[in-house]
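For the sequence shown, position 144 (counting from the first letter as 1) is numbered 513 according to the numbering used here, and the numbering increases by one without interruption.
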Amino acid sequence: MPLIAVFRLARAGLVMAREGVFGIVDLPDLPPAQRMALRTIRLLERRSVRRKTADKRLSDALNRLGPSYVKLGQFLATRPDVVGRDIATDLTSLQDQLPAFPMAEAQRVVEEQLGQPVDALFEEFGEAVAAASIAQVHRAKIRDHDGELREVAVKILRPGVAERFRRDLKSYYLVAQTMERLHPPSRRLRPVAVVDTLARSVELEMDFRLEAAGLSEMNENTREDPGFRVPQVNWPRTAKSVLTMEWIEGRKLSDVAGIEADGHDLPAVGATVIQSFLRHAVRDGFFHADMHQGNLFVEADGTLVAVDFGITGRLSPAERRFLAEILFGFITRDYRRVAEVHFEAGYVPRDQDMDVFAQAIRAIGEPIHGHDASEISMARLLTQLLEVTELFNMRTQTQLIMLQKTMVVVEGVARTLNPHLDMWHTAEPVVRGWIERNLGPAGRLQDAAGGLAALGRLAADLPLLADRAGRLSGEIERMTEKGLRFDAETAEAIGKAEARHTRSGRIALWIIAGLLAIAVFG
Numbered sequence: 370m371p372l373i374a375v376f377r378l379a380r381a382g383l384v385m386a387r388e389g390v391f392g393i394v395d396l397p398d399l400p401p402a403q404r405m406a407l408r409t410i411r412l413l414e415r416r417s418v419r420r421k422t423a424d425k426r427l428s429d430a431l432n433r434l435g436p437s438y439v440k441l442g443q444f445l446a447t448r449p450d451v452v453g454r455d456i457a458t459d460l461t462s463l464q465d466q467l468p469a470f471p472m473a474e475a476q477r478v479v480e481e482q483l484g485q486p487v488d489a490l491f492e493e494f495g496e497a498v499a500a501a502s503i504a505q506v507h508r509a510k511i512r513d514h515d516g517e518l519r520e521v522a523v524k525i526l527r528p529g530v531a532e533r534f535r536r537d538l539k540s541y542y543l544v545a546q547t548m549e550r551l552h553p554p555s556r557r558l559r560p561v562a563v564v565d566t567l568a569r570s571v572e573l574e575m576d577f578r579l580e581a582a583g584l585s586e587m588n589e590n591t592r593e594d595p596g597f598r599v600p601q602v603n604w605p606r607t608a609k610s611v612l613t614m615e616w617i618e619g620r621k622l623s624d625v626a627g628i629e630a631d632g633h634d635l636p637a638v639g640a641t642v643i644q645s646f647l648r649h650a651v652r653d654g655f656f657h658a659d660m661h662q663g664n665l666f667v668e669a670d671g672t673l674v675a676v677d678f679g680i681t682g683r684l685s686p687a688e689r690r691f692l693a694e695i696l697f698g699f700i701t702r703d704y705r706r707v708a709e710v711h712f713e714a715g716y717v718p719r720d721q722d723m724d725v726f727a728q729a730i731r732a733i734g735e736p737i738h739g740h741d742a743s744e745i746s747m748a749r750l751l752t753q754l755l756e757v758t759e760l761f762n763m764r765t766q767t768q769l770i771m772l773q774k775t776m777v778v779v780e781g782v783a784r785t786l787n788p789h790l791d792m793w794h795t796a797e798p799v800v801r802g803w804i805e806r807n808l809g810p811a812g813r814l815q816d817a818a819g820g821l822a823a824l825g826r827l828a829a830d831l832p833l834l835a836d837r838a839g840r841l842s843g844e845i846e847r848m849t850e851k852g853l854r855f856d857a858e859t860a861e862a863i864g865k866a867e868a869r870h871t872r873s874g875r876i877a878l879w880i881i882a883g884l885l886a887i888a889v890f891g
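Written out as structure tokens, the structure reads:
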């Protein structure tokens, strides 16, 4: 073990102990030796932390540890499969707010990156209006080609943050490698691969040219979409550590009372949030993966504007078609096909029994059918799905986890605007088009582009496809009428189930960090 990484990890463990983070772990779930170790660690707690909630303890500890730990917390909030639903929920409320760095530093970065004095680039350049772990934003003005003044937002990378991340990542790798070596059950969650994903994500997030490219791509994808847009990038004033874009005059979605006072239709805005996200994910395969209320604005005309594209997700065409097949199979009760798709996609190892897996899928899907929506327990259905995931040794699919987590966040945002949101009814127009494109003749023609033999198969399959399209349409109509919903009770039940199945893994994470702290400071 690199000594410096052990020292940094031990310091992190000490800070977490002082802030009461280890008090979040349920003692009755631990073996006696670990229970005693945890009690010893908790002797380091500051008395005042006992009055704090779990999310406040986590937030305070991560903010004290610095920008890289804040970003780690935000990343783990998207991975409930690793830390458990409860902790992921606590981390979702993590406020990424740090003191602004000085104006002189900001101007130095701008001039180094853009090769010109700030006064030559901007007509006005104001103080920071927001500061986070990786960057801060300044409000400025430029003169456009017509000589008109135009307001822009200038995002500037925090000086020294890249080197800090590189140092702290060594500690994260140490924890992940120790978990895989000492706790074999955690290998299914691939802790080292999780850190690899974090490292790559942060590397991309700290290159603002890539965020600008993401904004540009989303702009092209959504040009014809009703009620949604993203800011325009000012490319001449954008570089690796500086991003200049259109300033958005709108109201944040966190200000629900203000949005209503402005005369906007709250349920309509909520529906736009849901439908926009689904279009991006299932139609384009490219979605904003951090669509919380602080990153969404409503303009005066009701247009929804998304900002901060530091975290995005992608689904390949193959993954989107696999998802379409799985959804189609559940709707039409073709559980054998659902099982086959899981194996074809590599989600389930080939050494598992497909017939047994199909049987397990049937046990999950049958409760959907033959009941009114008010009688359907989506919580029970999704709980069983999580149990099947572990039972058949399914490996973590990080891109699907990100999609699922973002969907939960997006739905939460929409429900603040419309507490009675019917998710299925709202999503149905987008989902229907997606399934028909992927599973109908158009989708098969796309698959057939590689050869004439495939075209022959398409011709032979047309009657089957027509039948499937008809069955699908009927089932969707029936399900739409019943109004399937995903509500708070469902989320709570998922959390309890996932907590049971991943508690051992995350306990190992806390205990390893805590014991290292004791080893160094005890």
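For every residue, glycine included, the Cβ atom is placed at its ideal position computed from N, Cα and C.
Item	Value
What beta strand (DSSP E) runs, 3 residues minimum, are completely inside the segment 512–575?	518–526
Return helix, strand or coil for V384, following the three-state DSSP convention.	helix
Between T613, R606, A796, which has its C-alpha nearest T641's C-alpha?	A796
Tell whether a beta-carbon distance below 8 Å holds between A509 and V498.	no
Per DSSP, what kind of secondary structure is F656 in: helix, strand or coil?	strand
Under 6 Å Cβ to Cβ from V387, same chain only, skipping five residues before and after it: list those, please.	Here residue 387 is Arg; the residue named in the question, Val, does not match the sequence. These residues qualify, in order along the chain: L413, R415.
Quick one: what's got a C-beta closer than 6 Å to V599's C-beta in the same chain, skipping five residues either side?	L584, M587, N588, A675
Can you tell me the Cα-Cα spacing of G852 and F699, whole angstroms?	Model confidence at G852 stands at a pLDDT of 46, short of 50, so the residue's coordinates are unreliable; what they give is reported in the following sentence. The straight-line gap from Cα to Cα measures roughly 16 Å.
Just verifying my parser: in three-state terms, what is the DSSP assignment at T672?	coil
Quick check: the Cα distance between A568 and E532, rounded to an integer number of angstroms?	12 Å
What does the alpha-carbon distance come out to for the pair Q485 and L622?	37 Å
Would you please state the rounded distance, in angstroms, between the beta carbons of L772 and L684? I believe it to be under 8 Å.	7 Å
With a Cβ-Cβ cutoff of 8 Å, do V611 and L441 count as a contact?	no
Thinking N807 and R690 are a contact (beta carbons under 8 Å), I'd like their distance in whole angstroms, please.	5 Å
Can we say the segment 773–786 touches the segment 631–641, given the rule of at least three CB pairs closer than 8 Å?	yes
Under 8 Å, do H507 and I525 count as touching if we go by C-beta distance?	yes
Would you call H514 buried or exposed, if buried means 16 or more other Cβ atoms sit within 10 Å of its Cβ?	exposed
Between K609 and the ligand COA, is there a pair consisting of the residue's CB and a ligand heavy atom that are separated by less than 7 Å?	Here there are no bound small molecules, and the ligand COA is not part of this structure.
Using the three-state DSSP reduction, which class does L612 fall into: helix, strand or coil?	strand
For the beta strand (DSSP E) containing V599, name the first residue and the last one.	Looking at the DSSP string, V599 is not in any beta strand (DSSP E), and its letter there is neither H nor E.
Candidates G596, A423, V564, F697: which alpha carbon is nearest Q644's?	G596
Can you tell me whether L378 is helix, strand or coil according to DSSP?	helix
Using the Cβ count rule (16 or more neighbours within 10 Å means buried), how would you classify P718?	exposed
Let's test the definition: count the other Cβ atoms within 10 Å of the Cβ of Q443 and tell me whether it reaches 16, buried, or not, exposed.	buried
Distance, Cα to Cα, G730 vs D631?	The residue you asked about is not Gly; residue 730 is Ile in the sequence shown. If you take the alpha carbons of I730 and D631, they lie about 47 Å apart.
When the Cα atoms are used, what is the spatial distance from V384 to F470?	24 Å
Where does A915 sit, in a helix, a strand or coil, going by DSSP?	The first residue shown for the chain is 370 and the last is 891, placing residue 915 beyond what the model contains.
If I893 sits next to A693, beta carbons under 8 Å apart, how far is it from one beta carbon to the other, in whole angstroms?	Residue 893 falls outside the range modelled here, since the chain spans only 370 to 891, and no answer is possible.
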